[in-house]
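**Q** The structure under discussion is supplied below as structure tokens; questions concerning it will follow.
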Amino acid sequence: MKKVMWVISMFSLIITAVVLQFMPDSVPMHYDIAGKIDRWGSKYENLLFPVIILLMSLFWHLFIAYFERKADRTSVEKECAEALSNAKVMKIVGVSMATMFTVMQGFILYSAYAGAGSNATHAYIDMGKVSCILTGAMLMVLGNFMPKTRKNRIAGVRVSWSMYNDTTWMKSNRFGAVAMIIAGLLTIITAVLAESGIAVIMLIVYLLAATLVTLIYTYKVYKKEVA
Numbered sequence: 400m401k402k403v404m405w406v407i408s409m410f411s412l413i414i415t416a417v418v419l420q421f422m423p424d425s426v427p428m429h430y431d432i433a434g435k436i437d438r439w440g441s442k443y444e445n446l447l448f449p450v451i452i453l454l455m456s457l458f459w460h461l462f463i464a465y466f467e468r469k470a471d472r473t474s475v476e477k478e479c480a481e482a483l484s485n486a487k488v489m490k491i492v493g494v495s496m497a498t499m500f501t502v503m504q505g506f507i508l509y510s511a512y513a514g515a516g517s518n519a520t521h522a523y524i525d526m527g528k529v530s531c532i533l534t535g536a537m538l539m540v541l542g543n544f545m546p547k548t549r550k551n552r553i554a555g556v557r558v559s560w561s562m563y564n565d566t567t568w569m570k571s572n573r574f575g576a577v578a579m580i581i582a583g584l585l586t587i588i589t590a591v592l593a594e595s596g597i598a599v600i601m602l603i604v605y606l607l608a609a610t611l612v613t614l615i616y617t618y619k620v621y622k623k624e625v626a
């Protein structure tokens with residue numbers, strides 16, 4: 400999975416470098432909330448996002464390596480299983496994020512290429528909608544794997560209440576996973592039906608709501624455990 404993450408991340412950089420050879424020197428680089436182009440810039444600015452994707456992959460690679468080393472160093476079977484489980488989830492998170500941002504980069508390149516070729520005044524693609532749809536899809540994917548995490552301080556619902564014991568961790572993350580999946584689904588539906596500005600705002604609202612209800616549930620589970 401680590402190799403897959405790096406291949407996807409490198410693909411983003413390679414495909415960008417290839418596409419840049421066919422772009423004019425100046426391309427649309429920024430859009431206002433209505434989708435109107437408000438800044439043109441050098442085509443080479445499009446290399447920045449692939450570099451960020453690579454740095455994010457490095458970030459997840461280090462976390463994966465941390466859990467794998469932890470599994471190798473411990474002689475306790477339970478701790479080893481927990482570390483390997485968390486490493487697996489980190490790999491899925493890394494691949495999911497690399498995939499989402501690589502797809503997004505594809506849309507960005509197409510919009511820049513098409514806009515520059517026709518001297519457009521508005522974006523060819525509504526990146527607000529695209530971003531919300533891809534974010535919603537990623538939330539749903541991650542939500543499906545969130546319950547598989549074992550107690551740790553890097554991924555999952557990581558508050559003192561959920562970290563109290565294995566039961567509070569398991570219940571909190573199962574509930575949080577469902578909340579995340581619902582937030583992702585609502586985000587996709589909103590992005591399809593509403594304008595991009597509203598979709599972005601509602602994405603934030605859905606995430607805040609999912610976080611709040613998860614924290615409330617986590618606190619109730621914790622209070623039940625300590626009672």
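So that you can map any letter, position 219 of the sequence shown is 618 in this note's numbering, and since no number is skipped, the others follow by simple counting.
From the three backbone atoms N, C-alpha and C, an ideal C-beta is built for every residue, glycine too.
Quick caveat: nothing in here was measured; it's all calculated off a predicted structure.
1. Beta strand (DSSP E) containing TYR430: first to last residue?
2. Check ILE524 in the structure and name its three-state DSSP category.
3. What number of angstroms, rounded off, separates the C-alpha of ALA590 from the C-alpha of MET503?
4. Would you say ALA609 and ALA576 are within 7 angstroms of each other, going by their C-beta atoms?
5. Please report the distance separating the alpha-carbon of ILE587 from that of VAL599.
6. In its own chain, which residues sit with a C-beta less than 7 angstroms from the C-beta of TRP668, not counting the 5 before and 5 after it?
7. Tell me, to the nearest whole angstrom, how far the beta carbon of TYR523 is from that of ALA515; I am working on the premise that it is less than 8 angstroms.
8. Rounded to whole angstroms, what's the CA-CA distance from TYR430 to ASP437? Just pull it up for me.
9. With H, G and I counted as helix, E and B as strand and the rest as coil, what does DSSP make of LYS550?
10. Taking THR567 as the reference, give the member of THR613, LEU584 and TYR605 with the closest Cα.
11. Tell me which same chain residues have a C-beta within less than 7 angstroms of the C-beta of LEU541, skipping the five on either side of it?
12. Counting only the same chain and skipping the five closest in sequence on each side, list residues whose C-beta sits under 8 angstroms from that of ILE597.
**A** The relevant details are as follows:
1. Element bounds for TYR430: 425-430.
2. Note: ILE524 maps to coil in three-state DSSP.
3. 15 angstroms
4. ALA609 is not a Cβ neighbour of ALA576, given a cutoff of 7 angstroms.
5. 11 angstroms
6. In the structure as shown, the chain begins at 400 and stops at 626. Residue 668 is therefore absent and cannot be evaluated.
7. Rounded, the Cβ-Cβ distance is 10 angstroms, inconsistent with contact.
8. 5 angstroms
9. Of the three classes helix, strand and coil, the one that applies to LYS550 here is coil, per DSSP.
10. THR613
11. VAL492, SER495 and MET579
12. The answer, listed in chain order, is THR589.
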